[in-house]
Amino acid sequence: MSDSEPLSSWVNAYNVLVIRAVLERYPLKSVKDAEGGDFRFFREIRYTVAGEERSLDDIENGVIRPRFEDARIHVALNCGALSCPPLPPKAFEAATLDADLDRLARVTVNDGHHVYLKDGKLVVNEIFKWFEADFTRDEGSLLKWIQTYSNDPAVDGLTTDVIIEVYPYDWA
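Numbering (the numbering used here), first residue to last: 1 to 172.
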């Protein structure tokens, strides 16, 4: 693919390379432990993508996030861990990407696993805190981004003073 490919191509490349890297190392308890641990899975495994040797980190943080500036990518990229939003059953296509990202954002926010209310607090998957700047850039705050995709009147009614609690990421 060329470096100027649309977002759909970059997300597909990232996801398929995660799958390839996991299968090449199977059996694997956690991507976090591959290549000697310390998240080297994302920084040290390299593939030629768009004519350059790139790691998964290079693709996500060097191309996708800065070039496309869309927080919804965090519900489309799958890092090969249980806490990642699930992979859709088909590859992304440029013509339907916007609708697909909206659908995945709604699924992720409403699945009861990535975002939920507990004791008056909004509990979120750690991915929302890691990339909070992206969600804030797109909607003004993490809460507002979540409310944009929420189907839950209780979540929609939360105010800016709500406590947002983060649960640990499951890298298995």
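Virtual Cβ for every residue (Gly too), placed ideally from N, Cα, C.
Distance from Leu56 to Ile45 at the Cβ level is roughly 7 Å; contact confirmed, criterion being Cβ atoms closer than 8 Å. Straight-line spacing of the CA atoms in Arg67 and Ala154 works out to 34 Å.
Arg46 sits in coil when the DSSP states are folded into three classes, being neither helix nor strand. Non-local beta-carbon contacts of Tyr167 in its own chain, meaning distances under 8 Å to residues more than five positions away in sequence, involve Val123, Val124, Asn125, Glu126 in chain order. From the listed residues Leu17, Ser141, Cys84, the smallest Cα separation to Thr159 is found for Ser141.
Annotation for Tyr149: the continuous alpha helix (DSSP H) segment containing it runs 142-149. Comparing C-alpha distances from Asp170 to each of Ala91, Lys29, Lys121, Trp10 shows the shortest one belongs to Lys29. One Cα belongs to Ala21, the other to Trp130, and the distance between them is close to 23 Å.
Around the beta carbon of Tyr149, 16 or more other beta carbons sit within 10 angstroms, so the residue counts as buried. Under the DSSP assignment, Glu52 falls in the beta strand (DSSP E) whose first and last residues are 52-54. Non-local beta-carbon contacts of Phe42 in its own chain, meaning distances under 7 Å to residues more than five positions away in sequence, involve Ser55, Leu56, Asp57 in chain order. By the 16-neighbour rule on beta-carbons within 10 angstroms, Gly51 is exposed.
Shown here for Phe135: same chain residues with a beta carbon closer than 7 Å to its own, the five before and five after excluded, namely Ala71, Phe128, Leu142, Trp145 in chain order. Boundaries cannot be given for Lys90, as no alpha helix (DSSP H) includes it and DSSP labels it neither H nor E.
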